[in-house]
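Student:
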Amino acid sequence: MINKLKLINNWKLSAENNIKSFIDKIRKEDKKINAVLHINEKAIEQAKEVDKKIKQGKAGKLAGLGFIVKSNINVLGMICNCASKTLENYRATYNATVIDKLLKEDAIILGMANMDEFALGSSGENSAFGVTKNPRCLDRIPGGTSSGSAASVAAGFCDFALGSDTGGSIRNPASHCGIVGFKPSYGVVSRYGLIDAAMSLDTIGPLGLSVEDCEIIFNIIKGKDENNATSRDFIGRNFSSEKKNTDRIVIGIPKLGARKEIWEKVLKQVKLVAEKNNWKFEDCDIKHIDLGIQTYYPINYVEVFSGTRKFDGRKYGLKIEDSCGEEVLRRILGGGEICKAEHAGKYYRRALKAKNIIKNEFEKAFKKYDVIIMPTVPRTPHKFGEEITLEDMYNYDTLTVLANIAEIPGISVPCGTIVEGKDNVPIGIQILAKVGDDNFLLDVAKKFEN
Ligand code: GLN
C-alpha cells in the first residue's frame, strides 16, 4: 500500500485508474466469490475529484486508495443491511466515525461487503444473500463474520477492508483467507455507526495484505470519539521508543487445544522469529482460558437480544424475528430466555464475572510477557456442504474470543499453509498484547511476516 500511495502521489497512477481497475475486477470476478453485496456506483467519479486534489497538493494521507466496508458499518447513502432480509433495503443516513475519518484522508469506498447476518457466525455461510467463497480454496468457507471483507482483500478487490470483531470475526476470516486482520483494544476505535452484534465486545478493525497496511489504517481510525462514550485514547507502549532492538521481548505460549499440525507451524514460526531477534519464549499458564466459549456466548446471546429490540418493524426494515435467519433467531430466543432466568443471576451475571476473572488473568500474564502467541483458529476451514455441528461451529472461535473477553488487541498474521487434498489451506498465527499496546503489537507482528 505504501508503494501504491507513492505512485499515486507522484502522479504515476491516478486515483481514477486505481479505483476503476478494482471496480472492473469486482464486476468480473466477484460472481464466483460473492464477497461484495453493493458496489459504490459513484466511486470512479469520487476518484476523479481526489485526482484533482492530488494535483493541487491538497489530498489526504490515503488519497486514491480503494476500500470495502463490512455491511454493518454505516456509510451515508449506501445500503447497510448486515446481510439480512430484515434490513434488506436500509440505506444509511449517516457515516460511522471510522468512515468519516477515512474519507477525510481521501480513501474511496468501493462497496459494501457480504458477511454473516448481523455478524453472527464463524464461516461466512449465514448471509441472507448467499455464501462467500474462500478465494484461496474456492470450495471452502472463508471464515466469518467479516467474510466478504477478508475475501475481498484476498481476491485483490481493494487496497484494504474494514471488518468488525466481536469474538474473532476479523481474525478468523483473515486466517482462513491468508491475509492480515487486526482487532484493536476494546474502545480504541469508535463504534459509532457500527450496527451492534454484542456492544460490550464489538470492535471495528482493518484487514489488509500486510501488518503495515493495517497499521496505516488503524492509525487513522483510532482515537476517542465524542459520539461513543466507551471510546478512549490509550497511551500504550511504542516499540521504537521503549523497546530498542537489543531489548528482549518475552513471548508466552499458553496451553490451548488446536490441531497438532497447526500448533507445529505456529511454534516453528515463534522459534524462528525469536532466534532471529534474540527474543525469549516459554510456556505460560493463564488460568481459565479454556472457558472462553462458555463465557463469550451467554454475553453475546443477551446483548444480541437486547441490541436487536429496535428491529421491531416500525422504524427500520422488517420485524427481525419474522425475517432473520436461523442463527440470528437462535441468539434472540436464547438471549431472551437467559434474560428471563436472570433474576437468579445464573447466566449473564455469572458470565460477566467469568469475563472479569479471565481479563485479570491476562493482566497478570502481561506483567511477565510482552506478547502471547497461539494459533488464530484451531482447525482448517470446512468445505461447503460438509456437515458441521453447532458446537463445532462455535469452537472455531475458541482462541479468538479471549481477546474480546479480555478487551485486548489481537492480530492474525499468515503462517504458511497446510496441504489437504488439492488445497493449500492458509493458517494464521495469533499475537495478543495488553490493553492499549496496539501499536507495540503491530510492530511485533511485522517480525512474523514472511
Ligand atoms: N463467531 C462468533 C459469533 O458467532 C463471533 C462473531 C463476531 O466476531 N462477530 O458470535
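Residue 101 in this note's numbering sits at position 60 of the sequence shown; the count goes up by one each step and never skips. The C-beta atom is built at its ideal place from N, Cα and C for all residues, glycine as well.
1) Under 8 Å between the Cβ atoms of Tyr437 and Asn213?
2) For Thr336, report the span of its beta strand (DSSP E) as first-last.
3) With a cut-off of 8 Å, does the C-beta of Asp411 fall near any C-beta of chain C?
4) With distances taken from CA atoms, which of Val345, Phe346, Ser364 is nearest Gly354?
5) Should Gly209 be listed as close to ligand 1, given that the test is whether its C-beta is under 7 Å from any heavy atom?
6) Just the Cα atoms here: how many angstroms apart are Ile294 and Asp411?
7) Shorter than 7 Å, the distance from the beta carbon of Ser190 to the closest heavy atom of ligand 1, or not?
8) Assuming the contact rule is C-beta atoms closer than 8 Å, Glu448 and Val476 should be a hit. Round their C-beta distance to whole Å, please.
9) If I follow the unbroken alpha helix (DSSP H) through Lys301, where does it start and stop?
10) Counting Cβ pairs closer than 8 Å, one from the stretch 225-242 and one from the stretch 429-436, do we hit at least three?
11) Nearest to Thr134 by CA position, among Asp147, Thr127, Ile413, Gly118, is which residue?
12) Does DSSP put Asn465 in a helix, in a strand, or in coil?
13) Between which two residues does the beta strand (DSSP E) harbouring Ala104 extend?
14) Curious, which full-length beta strand (DSSP E) runs of at least 3 residues does the stretch 43-107 contain?
15) Return the bridge partner residues of Ile414 from the DSSP annotation.
16) Tell me whether Ala238 sits in a helix, a strand or coil according to DSSP, three-state version.
17) By the DSSP assignment, the beta strand (DSSP E) with Pro295 in it spans what residues?
18) Is it right to say Gln97 is buried, meaning 16 or more other beta carbons lie within 10 angstroms of its own, or is it exposed?
19) Whole angstroms is fine: what's the gap from Val291's alpha carbon to Ala238's?
20) Provide the residue span of the beta strand (DSSP E) that contains Pro247, from first to last.
21) Measure the C-alpha to C-alpha separation of Leu48 and Leu54 and round it to an integer number of angstroms.
22) I need the boundaries of the beta strand (DSSP E) containing Ser205, first residue and last residue.
23) Could you check the C-alpha separation between Leu297 and Glu57 for me, to the nearest Å?
24) So for Arg181, helix, strand or coil by DSSP?
25) Ordered along the chain, which non-local residues of its own chain (more than five positions away) have a Cβ less than 6 Å from that of Pro450?
26) From the DSSP output, in three-state form, read off Asn491 for me.
27) Leaving out five residues on either side along the sequence, give the residues of the same chain with a beta carbon under 7 Å from the beta carbon of Ser188.
Tutor: This is what the structure gives:
1) Mapped onto the sequence shown, residue 437 falls at position 396. Mapped onto the sequence shown, residue 213 falls at position 172. Going by C-beta atoms, Tyr437 is nearer than 8 Å to Asn213.
2) Residue 336 sits at position 295 when you count from the first residue of the sequence shown. Taken as a continuous stretch (DSSP letters only), Thr336 belongs to no beta strand (DSSP E), being part of the alpha helix (DSSP H) at 333-348.
3) This model lacks chain C altogether, as it is built from one protein chain only.
4) Looking up residue 354 in the sequence shown gives position 313. Comparing Cα positions, the closest option is Ser364.
5) Mapped onto the sequence shown, residue 209 falls at position 168. Checking the Cβ of Gly209 against ligand 1 gives yes.
6) Translated into positions along the sequence shown, residue 294 becomes position 253. Translated into positions along the sequence shown, residue 411 becomes position 370. For Ile294 and Asp411, the distance between alpha carbons rounds to 11 Å.
7) As a first step, residue 190 must be located in the sequence shown, where it is residue number 149. Outside the cutoff, so no.
8) Locating residue 448 in the sequence shown gives position 407, where the first residue counts as 1. Locating residue 476 in the sequence shown gives position 435, where the first residue counts as 1. That pair is a contact at about 6 Å.
9) Here residue 301 is taken as the residue at index 260 of the sequence shown, counted from 1. Here the alpha helix (DSSP H) through Lys301 covers 301-318.
10) no
11) Sequence index remark: in the sequence shown, residue 134 carries index 93 (1-based). It is Gly118.
12) Within the sequence shown, the letter at position 424 stands for residue 465. Correct three-state label for Asn465: strand.
13) Counting from 1 along the sequence shown, the entry for residue 104 is found at position 63. That residue, Ala104, is in no beta strand (DSSP E); it is neither H nor E in DSSP.
14) 77-80
15) What you label residue 414 is simply residue 373 of the sequence shown in a count that begins at 1. According to DSSP, Ile414 bridges with Ile472.
16) In the sequence shown, the residue the question calls residue 238 occupies position 197. DSSP places Ala238 in coil when its eight states are reduced to three.
17) Sequence index remark: in the sequence shown, residue 295 carries index 254 (1-based). Element bounds for Pro295: 291-295.
18) Taking the first residue of the sequence shown as 1, we reach residue 97 at position 56. That one is exposed.
19) Along the sequence shown, one-based indexing puts residue 291 at 250. Along the sequence shown, one-based indexing puts residue 238 at 197. Spanning the two alpha carbons is a distance of roughly 35 Å.
20) Walking along the sequence shown from the start, residue 247 turns up at place 206. Start and end: 244-249.
21) Mapped onto the sequence shown, residue 48 falls at position 7. Mapped onto the sequence shown, residue 54 falls at position 13. Near 5 Å, if we compare the C-alpha coordinates of Leu54 and Leu48.
22) Within the sequence shown, residue 205 is the residue found at index 164, counting from 1. Unbroken beta strand (DSSP E) run through Ser205: 201-206.
23) In the sequence shown, residue 297 corresponds to position 256, counting from 1. In the sequence shown, residue 57 corresponds to position 16, counting from 1. Between Leu297 and Glu57, the C-alpha separation is close to 48 Å.
24) On the sequence shown, position 140 is the one that residue 181 refers to. In this structure, Arg181 counts as strand in the three-state DSSP scheme.
25) Counting from one through the sequence shown, the residue named residue 450 turns up at place 409. Pro225, Ser226, Ala474, Asp479, Leu482, listed in sequence order.
26) Walking along the sequence shown from the start, residue 491 turns up at place 450. If DSSP states are grouped into helix, strand and coil, Asn491 belongs with coil.
27) Against the sequence shown, residue 188 aligns to sequence position 147. Cβ neighbours of Ser188 beyond the five flanking positions: Asn155, Met156, Asp157, Gly165, Thr173, Pro214.
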